[in-house]
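S.K.:
Residue numbers (my numbering): 3 to 181.
Pasting the structure below:
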């Protein structure tokens with residue numbers, strides 16, 4: 003037969019110390035395990051955040067490049083708009099330069115050559131050359147006659163007349179005001 007003692011055992015101080023030591027070991031193991039788990043979780047979060055930060059910085063760089071290109075496009079757009087506005091202003095102003103140039107070409111004798119012509123909205127100047135002084139005279143008479151040239155010009159000034167000995171030609175500079 004088996005004997006069972008129903009009375010509480012008297013606790014010995016060694017047994018109590020052993021239990022306290024085991025409990026402390028269990029608690030320290032549990033705390034160490036929690037610490038390792040927390041470290042692993044923080045390490046994973048750190049890795050994920052680093053990847054997300056890198057992706058975000060790449061997106062920011064791409065956005066900065068696009069913004070820079072948009073700024074360049076905006077500058078180009080404004081420049082083009084300014085040029086178009088200038089062209090539109092010029093087209094709205096009717097200076098009839100083509101009629102004036104055609105009128106000058108029509109009255110030029112065959113041996114008189116137009117070297118340079120400059121027109122603004124109110125003034126003109128041009129240089130002509132010829133080997134004959136009489137041809138220049140015919141041109142001046144045609145320029146001041148009412149039916150040919152004077153209908154475009156308000157004032158005609160002979161700026162200079164000279165002879166070039168190298169090529170044997172006369173050079174004349176004329177300026178004035180347009181109607």
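Using N, Cα and C, we set each Cβ at its ideal position, and we do this for glycine too.
(1) Just to confirm, are residue 177 and residue 127 a CB contact at a threshold of 8 Å?
(2) Quick one: Cα of residue 135 to Cα of residue 163, how far?
(3) Going along the chain, which residues of its own chain have a beta-carbon closer than 7 Å to the beta-carbon of residue 113, five neighbours each way excluded?
(4) Of all the options 28, 168, 58 and 180, which has the alpha carbon lying nearest to the alpha carbon of residue 159?
(5) Residue 141 to residue 105, Cα distance in whole Å?
(6) Buried or exposed: residue 40, going by 16 or more other Cβ atoms within 10 Å of its Cβ?
(7) Return the chain-ordered ranges of every beta strand (DSSP E) run that is complete within the stretch 130 to 172 and spans a minimum of 3 residues.
(8) Counting C-beta neighbours from all protein chains within 10 Å, is the total for residue 130 16 or more, i.e. buried, or is it exposed?
(9) Kindly examine the ligand COA and report whether one of its heavy atoms sits closer than 7 Å to the Cβ of residue 160.
(10) If you drop the 5 nearest sequence neighbours on each side, which residues of the same chain put their C-beta closer than 7 Å to that of residue 117?
M.R.: Straight from the coordinates:
(1) One-based indexing of the chain shown puts residue 177 at position 175. One-based indexing of the chain shown puts residue 127 at position 125. Taking 8 Å as the Cβ cut-off, residue 177 and residue 127 qualify as a contacting pair.
(2) By one-based count along the chain shown, residue 135 stands at place 133. By one-based count along the chain shown, residue 163 stands at place 161. One C-alpha to the other measures close to 10 Å.
(3) Locating residue 113 in the chain shown gives position 111, where the first residue counts as 1. Around residue 113: 132, 133, 134 and 137.
(4) On the chain shown, position 157 is the one that residue 159 refers to. Measuring from the Cα of residue 159, the nearest candidate turns out to be 180.
(5) Sequence index remark: in the chain shown, residue 141 carries index 139 (1-based). Sequence index remark: in the chain shown, residue 105 carries index 103 (1-based). Rounded to the nearest angstrom, the two C-alpha atoms are 11 Å apart.
(6) Residue 40 sits at position 38 when you count from the first residue of the chain shown. Per the 10 Å Cβ criterion, exposed.
(7) 155 to 166
(8) As a working mapping, residue 130 is identified with position 128 in the chain shown. With 16 or more Cβ atoms within 10 Å of its Cβ, residue 130 is classed as buried.
(9) Among the components of this structure there are no ligands whatsoever, and the ligand COA is therefore not found.
(10) Reading the chain shown from its first residue, position 115 is the one you call residue 117. Excluding residues within five positions, the ones whose Cβ falls inside 7 Å are 129, 130 and 131.
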